[in-house]
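First up is the structure itself, then whatever we jot down about it.
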Amino acid sequence: MLLLICPVCGAEGDETDFQYGGEAHIARPASSTPEAVSEADQYAYLHVRANPKGLHHEQWLCARGCGKWFNATRDTVTMEFKAFYKMGEKPPRTPRTRSAKP
Amino acid sequence: MSRYSIVSLARNALNYHKGWEEAWRSPEPQPEYDVVIIGAGGHGLATAYYLAKEQGVTNVAVLEKGWLGGGNTGRNTTIIRSNYLQPESIALYELARSLYETLSQELNFNIMFSPRGLLNLCLTEHEVRVFRRIVEANRIAGLDVRFLDAAQVKQKVPIINNSRAARYPLLGALYQPRGGTARHDAVAWGYARAADALGVDIIQNCAVTGIERRRDAVSAVETVKGKIKTKKVAVVAAGHTSVVMDMAGVRMPIESVALQAFVSEPVKPMLDVVVMAGAVHGYVSQSDKGELVIGGGADAYNNYSQRGSPPALEHTAAALLELFPCFSRMRMLRQWGGIVDMSPDRSPIMSETDVKGLYVNCGWGTGGFKAIPGSGFVFADTIANERPHPIAEPFGINRFAAGRIVDESTAAAVAH
Ligand SMILES: Cc1cc2nc3c(=O)[nH]c(=O)nc-3n(C[C@H](O)[C@H](O)[C@H](O)COP(=O)(O)OP(=O)(O)OC[C@H]3O[C@@H](n4cnc5c(N)ncnc54)[C@H](O)[C@@H]3O)c2cc1C
Ligand SMILES: [Zn+2]
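Chains A and B are the protein sequences, given in the same order.
Heads up: the first sequence at position 29 corresponds to 41 in our numbering, and the numbers run straight through without jumps.
Heads up: the second sequence at position 362 corresponds to 1663 in our numbering, and the numbers run straight through without jumps.
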């Protein structure tokens, strides 16, 4: 069971009170002419995911609280949240743990 | 390998069963192999077996960080079916299903294939339309798949709740008479024993920690048992695909999430078909021991813990109780989770990569047990001949950039 705290309204709850929104900080390849975006960039944007074994920056929706999306940093092995932060903010500095044991 | 038979059983019985030899060796790794397979799940082991048997490539190692079959292959609910919608999927899953029919004989190992029939229930009008379409798609491909109305379903599954007052009333089902189950461990063990007999080295407790590249080609793998040279690496690591491919510098369109299952106490026979209900996220079959084997939907979020969360279990239990009110007082014996590798279109990836000699087989997600023989067969052919087998070709990793997805997520709307 995950325990979350919304950084916008302060609501606390478990994963049934919130909704998962996948990896955070994925920027859409910007272009005023969509056809100028390469297939590789579009593929990376749509489908490629870091999927780390360790710290993951991800998006959550405060579904039963204020209704806002926010970001969180969670360890995908221990399920422990290391930080909750608002949309538009940079992830807090955390030690690079791109891997527990493979 | 000494053959298993009624004669060997009798001979060993007279000897108080002290004479059985080990089913496979536990060799130390050689310095170099023609092909190194990372991951001794069903798909890795089947690939090794067909490399040796069909392609004559026997200088092969299968490296496993834990014990063989200890990943999702030993954690799944063993449902086998081929009633998919897209022609590419039908070709792949029906090849696998048909190989399962004779796999016990092929491997000289009883994998307990039980084609007891499989029902995908329709609980919404949308499902009725989708499943009727699947019936036609399957019949064009020559599969025996039929549509049953609610009364026919009730006949096959007398314990099902067909009350018109149900929140999701029973409207019919997609029925595949030759769908069913098999013993999951036996599939891993049977392939391991047969591959070992053909000379494949299966090396357990041997985690791969790095993949070495010389320019654009693989040259070796680093393991906890030292470096192993090879020109071909096949990554078949399911939930750990992203982690292992990252060692070769390849980023993947995969997300790892937990999928759980649980079994009840054993009871008298009450259900002799597999029943799946995609609309409510639950499915069930009864094992030979009498336990109900129950599964449902995956957890939503990325997870490497091999443990699922209680809300997902509760959701599955609620779905099953709605369909089978008579389960309500049964006790559940045990529950577990596996880390499944989800691809964007919910279809597998069996593919060459931009790195020469690096092959990947993953994305089986919640439903790859049923595909093991077919996947191993076409993937071995792909590796040996350095071009995709025709059945594997639509499942190349380049399909996402090209927009040629094999969409089974919206098509089938069911897991497994
Ligand atoms: C609860 C549950 C129910 C399921 N139900 C069904 C079902 O009813 N029907 C169906 O068809 N499918 C089902 N599935 C899916 C099915 O189990 C999988 O798709 C299938 O078993 C995948 O096989 P695999 O060989 O690819 O992976 P695995 O069996 O997981 O094998 C991968 C192996 O790679 C090893 N590995 C990982 N990293 C490394 C490393 N660095 N070095 C060395 N080895 C490594 C792992 O230890 C593991 O043994 C279910 C899955 C789960 C979890
Ligand atoms: Zn909030």
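Where is the CB? At the ideal position from N, CA and C, for every residue including glycine.
Quick caveat: nothing in here was measured; it's all calculated off a predicted structure.
Query, Result
"Coil, strand or helix - A/Val20 by DSSP", "coil"
"Three-state secondary structure assigned by DSSP to B/Ala1362", "strand"
"CB contact check: A/Tyr32 to chain B, cutoff 8 Å", "yes"
"Cβ neighbours of B/Val1656 in the same chain (closer than 8 Å, five flanking residues each side left out)", "Arg1514, Asp1517, Ala1518, Val1519, Ala1549, Gly1550, Val1551"
"Sequence-distant residues of its chain with Cβ nearer than 6 Å to B/Leu1572 (five each side left out)", "Gln1587"
"Check your reading: residues with Cβ closer than 6 Å to ligand 2 heavy atoms", "A/Cys18, A/Val20, A/Cys21, A/Ala23, A/Cys74, A/Gly77, A/Cys78, A/Lys80"
"Inter-stretch contact (C-beta, 8 Å, three-pair minimum) for the stretch 1496-1515 of chain B and the stretch 1347-1365 of chain B", "yes"
"Residue burial classification, B/Val1525 (beta-carbon count within 10 angstroms, cutoff 16)", "exposed"
"CB contact check: B/Ser1648 to chain A, cutoff 8 Å", "no"
"B/Met1718, buried or exposed, once every other Cβ within 10 Å from all chains shown has been counted against 16", "Missing from the structure shown is residue 1718 of chain B; chain B here goes from 1302 to 1717 and no further."
"Beta carbon of B/Tyr1394 nearer than 8 Å to that of B/Ala1672", "yes"
"Alpha-carbon to alpha-carbon, B/Gln1406 and B/Arg1312", "20 Å"
"Check: B/Trp1325 C-beta below 7 Å from any heavy atom of ligand 1", "no"
"8 Å Cβ cutoff, B/Asn1662 in contact with chain A", "no"
"Chain A within 8 Å of B/Ala1314, Cβ atoms only", "no"
"Minimum C-alpha distance to A/Asp118 - residue among A/Pro41, A/Trp72, A/Val89", "Outside the displayed span of chain A (13 to 114) sits residue 118 of chain A, for which this structure offers no information."
"Close beta carbons around A/Arg40, own chain, < 8 Å, minus the five adjacent residues each side", "Tyr57"
"Span separating the alpha-carbon of B/Ser1390 from that of B/Asn1316", "48 Å"
"Short-range partners of chain B found in the stretch 51-69 of chain A, where Cβ spacing is below 9 Å", "Glu51, Ala52, Gln54, Tyr55, Ala56, Leu58, His59, Val60, Arg61, Ala62, Asn63, Pro64, Lys65, Gly66, His68"
"B/Gln1587: CB within 7 Å of a non-hydrogen atom of ligand 1", "no"
"Helix, strand or coil at A/Trp81 according to DSSP, with G and I counted as helix", "strand"
"Closer than 7 Å: B/Lys1671 CB and nearest ligand 1 heavy atom", "yes"
"B/Arg1376 CB to nearest heavy atom of ligand 1 below 7 Å", "yes"
"Rounded straight-line distance, which links the Cα of B/Trp1321 to that of B/Arg1647", "42 Å"
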